[in-house]
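The structure appears right after this line, and notes come after that.
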Amino acid sequence: LAKTTQPISMDSYEGQEVNITCSHNNIATNDYITWYQQFPSQGPRFIIQGYKTKVTNEVASLFIPADRKSSTLSLPRVSLSDTAVYYCLVGDPYITGGGNKLTFGTGTQLKVEL
Amino acid sequence: DTGVSQDPRHKITKRGQNVTFRCDPISEHNRLYWYRQTLGQGPEFLTYFQNEAQLEKSRLLSDRFSAERPKGSFSTLEIQRTEQGDSAMYLCASSLSISGGAADTQYFGPGTRLTVL
C-alpha cells in the first residue's frame, strides 16, 4: 500500500513560490502521482498528475525524482486564493491494491498571507 | 453546468433514520466513487463503480451503507439506521477510465453534508 506523507501545514506570502513535498516510499511501478486542491466545504479539485521527471501545466509544476519515492508540487507566485488543503494521491489506472489506495492522507494546509 | 452534482447539499436527520444521497456524474464518465470526509481529515474511500458494477466496497464500511448505480449513470448512497458517527461530508467523484491510460483524474462534486442528531 503506497502510503503518502506530507507536511501538515505551510505558510507563505503572496507572490512567493511554494513547494509541497509528498513522500511515497512504497510507490509501485504502475502508480501515477496526482495532486488535488480542496477549499472548505468543496470537493477536491485536480491540479496535476505525473509519472516521472517534470510535468507543468498552467497552474503548477510537479517534480518527480528518478526513484519516484517522493514528489514535489510547485505553485509559482501564490496568491491569497491559493490558501487551501493540498493532497497527493498515488495510484494506477486499474486501482491495483484496492480502493484503500484511493484514501487521501491528511493533506497539507497552505496558508497564504499578504 | 456539466460537472458532478450531488443532492441534497445538506441533510439533517435524527439518529435511527434512513437517508439517501444522489450523485450525477459527468455524463461520459464510466467510473464513480463515493468518499466520506470528516473535519480535518482527507476523503476516505467508501466504494466505487465501473459502469453499473460495484467493484469494491471499503472493508471499513458498515453493512448499514449501500450504494447503487443501476444504469451506469447516476448513483445513490443509502445509510440505514443512522448514527451520530455517520455525520460527515459525503463526496462523489467520477472519472473516465481508459484502458492503458494514466491513472484516473477524479472530478468531485460539492458533497452532501450529513448531520445526525
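Protein chains in written order, with this note's numbering: chain A, 158 to 271; chain B, 26 to 142.
Ideal placement from N, C-alpha and C gives every residue a C-beta, glycine not left out.
If you're wondering where the values come from, they're calculated on a predicted model, not measured in any experiment.
Give the DSSP bridge partners of GLY207/A, in chain order. Numbered from 1 along the first sequence, position 50 holds the residue referred to as residue 207/A. Bridge partners of GLY207/A: ILE190/A.
Within chain B, partners of PHE203/A - CB distance below 8 Å: The residue given as residue 203/A occupies position 46 in the first sequence. The contact set of PHE203/A on chain B, defined by CB atoms closer than 8 Å, consists of THR130, GLN131, TYR132 in chain order.
Confirm, please, whether the CB-CB distance from THR161/A to GLY262/A is below 8 Å. Start at 1 with the first residue of the first sequence, and residue 262/A comes out as number 105. Start at 1 with the first residue of the first sequence, and residue 161/A comes out as number 4. Yes.
Given this structure, state the Cα-to-Cα distance separating THR265/A from THR178/A, to the nearest angstrom. Counted from its first residue, the first sequence places residue 265/A at position 108. Counted from its first residue, the first sequence places residue 178/A at position 21. When rounded, the distance between both Cα atoms is 9 Å.
Can you tell me whether LEU246/A is buried or exposed, with buried defined as 16 or more other CB within 10 angstroms of its CB? As a working mapping, residue 246/A is identified with position 89 in the first sequence. Of the other Cβ atoms in all chains shown, 16 or more fall within 10 Å of the Cβ of LEU246/A; this residue is therefore buried.
Using a C-beta to C-beta distance shorter than 7 Å, which residues of chain B count as neighbours of ASP249/A? Here the question's residue 249/A lines up with position 92 in the first sequence. The answer, in chain order, is ALA128.
What separation, rounded to the nearest whole angstrom, lies between the Cα atoms of SER166/A and LYS268/A? Along the first sequence, read from residue 1 onward, the residue named residue 166/A stands at position 9. Along the first sequence, read from residue 1 onward, the residue named residue 268/A stands at position 111. Answer to the nearest angstrom: the Cα atoms are 8 Å apart.
Is TYR170/A buried or exposed, if buried means 16 or more other CB atoms sit within 10 Å of its CB? Within the first sequence, the letter at position 13 stands for residue 170/A. TYR170/A counts as exposed, since fewer than 16 other C-beta atoms from the protein chains shown sit within 10 angstroms of its C-beta.
Could you please give me the residues that DSSP links to SER100/B through a beta bridge? Working through the second sequence from its first residue, we reach residue 100/B at position 75. CYS48/B, per the DSSP bridge assignment.
At the level of alpha carbons, what is the spacing between THR101/B and TYR58/B? In the second sequence, residue 101/B corresponds to position 76, counting from 1. In the second sequence, residue 58/B corresponds to position 33, counting from 1. Going by C-alpha positions, THR101/B is about 11 Å away from TYR58/B.
Contact defined as beta carbons within less than 8 Å: I believe SER180/A pairs with SER227/A. What is the distance between those atoms, to the nearest angstrom? By one-based count along the first sequence, residue 180/A stands at place 23. By one-based count along the first sequence, residue 227/A stands at place 70. Confirmed, about 5 Å.
Secondary structure at LEU121/B, three-state DSSP: helix, strand or coil? One-based indexing of the second sequence puts residue 121/B at position 96. Annotated three-state conformation of LEU121/B is coil, per DSSP.
At the level of alpha carbons, what is the spacing between ASP49/B and TYR115/B? Start at 1 with the first residue of the second sequence, and residue 49/B comes out as number 24. Start at 1 with the first residue of the second sequence, and residue 115/B comes out as number 90. Going by the C-alpha atoms only, they are around 14 Å apart.
If we ignore side chains and look at the alpha-carbon of each, how far apart do VAL29/B and PHE46/B end up? As a first step, residue 29/B must be located in the second sequence, where it is residue number 4. As a first step, residue 46/B must be located in the second sequence, where it is residue number 21. Their Cα atoms are separated by approximately 13 Å.
Short CB-CB distance (under 8 Å) between PRO68/B and chain A: Position 43 of the second sequence holds residue 68/B. Yes, PRO68/B counts as interfacial toward chain A.
With a threshold of 16 other CB atoms inside 10 Å of the CB of ILE205/A, please say whether the residue is buried or exposed. Position 48 of the first sequence, counted from the first residue, corresponds to residue 205/A. Within a 10 Å sphere around the beta-carbon of ILE205/A sit 16 or more other beta-carbons, which makes this residue buried.
Could you work out which residues of chain A lie near PRO50/B, taking near to mean beta carbons separated by less than 9 Å? As a first step, residue 50/B must be located in the second sequence, where it is residue number 25. Residues of chain A passing the Cβ test: none, with the nearest at roughly 12 Å.
Separation of GLU215/A from GLY172/A, as counted between CA atoms: Taking the first sequence and counting its residues from 1, the one referred to as residue 172/A is at position 15. Taking the first sequence and counting its residues from 1, the one referred to as residue 215/A is at position 58. Cα to Cα, the separation comes out at about 16 Å.
Chain-ordered residues of the segment 105-121 of chain B with a beta carbon less than 9 Å from chain A: Answer in chain order: MET114, LEU116, CYS117, ALA118.
Expressed to the nearest angstrom, what Euclidean distance is found between the alpha-carbon atoms of PHE74/B and GLN195/A? Counted from its first residue, the second sequence places residue 74/B at position 49. Counted from its first residue, the first sequence places residue 195/A at position 38. For PHE74/B and GLN195/A, the distance between alpha carbons rounds to 23 Å.
Examine chain B for any beta-carbon lying closer than 8 Å to the beta-carbon of LEU158/A, and answer yes or no. Start at 1 with the first residue of the first sequence, and residue 158/A comes out as number 1. No answer about LEU158/A holds up, because its pLDDT of 49 lies below 50 and its placement is not dependable.
Going by C-alpha distance, which of GLU270/A, THR186/A, PHE203/A is nearest SER238/A? Residue numbering aside, residue 238/A sits at position 81 when the first sequence is read from its first letter. Answer by Cα proximity: GLU270/A.
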